[in-house]
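Per the working numbering, the very first residue in the sequence shown carries number 81; after that it's consecutive. A virtual CB, placed ideally from N, CA and C, is assigned to each residue, including glycine. This one's a predicted model, so the numbers in the text were calculated from it and none came from an experiment. Report on the following structure.
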Amino acid sequence: METMPQPPLKGNVKREAVDSMRGYSYQILRSIEAWIDLGDGDVLALEGAEDLDLRLEGGATTAEQIKDTSRSGTITLRSQNVIEAIGNYWEHLQRNPGVSIRFRYLTTSGVGREKSKPLGFDQSGIDAWRQIQAERTSTSSLEIATGIQSFLSEQELLSSQLRNWLKTASVQDFIERIVMPIEWVTGWPEWRDLHAVLVAKLVEL
Numbered sequence: 081m082e083t084m085p086q087p088p089l090k091g092n093v094k095r096e097a098v099d100s101m102r103g104y105s106y107q108i109l110r111s112i113e114a115w116i117d118l119g120d121g122d123v124l125a126l127e128g129a130e131d132l133d134l135r136l137e138g139g140a141t142t143a144e145q146i147k148d149t150s151r152s153g154t155i156t157l158r159s160q161n162v163i164e165a166i167g168n169y170w171e172h173l174q175r176n177p178g179v180s181i182r183f184r185y186l187t188t189s190g191v192g193r194e195k196s197k198p199l200g201f202d203q204s205g206i207d208a209w210r211q212i213q214a215e216r217t218s219t220s221s222l223e224i225a226t227g228i229q230s231f232l233s234e235q236e237l238l239s240s241q242l243r244n245w246l247k248t249a250s251v252q253d254f255i256e257r258i259v260m261p262i263e264w265v266t267g268w269p270e271w272r273d274l275h276a277v278l279v280a281k282l283v284e285l
């Protein structure tokens, strides 16, 4: 008589790495997409400064952080991942003096709005960031940039070096050095949709 196999051990659901594995899978799909889209002379590096580093021929290097976080809700400038991304970008600048670096935060999450107006205005911080990039010298952009700069200077997740710089830099320097190079790419396709896009691109290729 055959013996029945023993059932697997019961584990702690809270310690399962499902979210991590989903994040790694999404990162792989996004990396494949970037590889397919590479132009002649472009260079793609995986797990370099960030999840994905793309150097365009004759252009700046873009360090891209990839997040499949839609199940966790929207992101704001108060989100821990967002604050840490800004800090990571600053560290890349310190490690690579003289190198033109752009930073892209790509996520499946949508944009939320900060509670209690911590930035000094009612507009979403991510949307306000984009407005500054579109109209960097307008009076409105300078005003909201001042609010964002002041907010970030108080965030303890950022290094003391960056916080000190934020407290003393002019708003114009803040816009040029921090706001303009950082791109927030939100609402990126879920992994099934991204997979379908990749299949279509491979067929075309």
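- Comparing alpha-carbon positions, the option among G192, L118 and I146 lying closest to S105 turns out to be I146.
- Straight across, the Cα-Cα distance linking L136 with I116 is about 14 Å.
- If the five residues before and after G121 are omitted, its C-beta is found closer than 7 Å to the C-beta atoms of E137, all from its own chain and listed in chain order.
- Within its own chain, the residues whose Cβ lies closer than 6 Å to the Cβ of W170, once the five positions on either side in sequence are excluded, are L242, listed in chain order.
- Runs of the beta strand (DSSP E) lying entirely within the stretch 195-262 and spanning at least 3 residues: none are present.
- DSSP lists R135 and I181 as the bridge partner or partners of T141.
- Relative to the Cα of S220, the nearest Cα in the group V123, G153 and Q203 belongs to Q203.
- Per DSSP, L157 lies in no beta strand (DSSP E) segment and is marked neither H nor E.
- With contacts defined by Cβ atoms closer than 8 Å, I224 and Q235 do not form a contacting pair.
- Under the DSSP definition of a beta bridge, L124 partners with L134.
- Taking a cut-off of 8 Å on C-beta distances, the stretch 185-192 does not touch the stretch 248-256, as fewer than three cross pairs fall below it.
- The beta carbons of G205 and L238 sit no closer together than 8 Å.
- Excluding five sequence positions before and after W268, the CB atoms of its chain that fall closer than 7 Å to its own CB belong to L186, T187 and T188, given in chain order.
- In the three-state scheme derived from DSSP, where H, G and I count as helix and E and B as strand, W264 is classed as strand.
- DSSP, reduced to helix, strand and coil, places L285 outside both helices and strands of the structure shown, so it counts as coil.
- Looking only at I155, I181, S218 and W245, the smallest Cα-Cα distance to K195 is reached by I155.
- For the pair L285 and S218, the Cα-to-Cα distance works out to about 43 Å.
- Minimum Cα-Cα distance from A165 among the listed residues R182, D207, V123 and A140 corresponds to R182.
- In this structure, the CA atom of F201 is about 17 Å from the CA atom of Q213.
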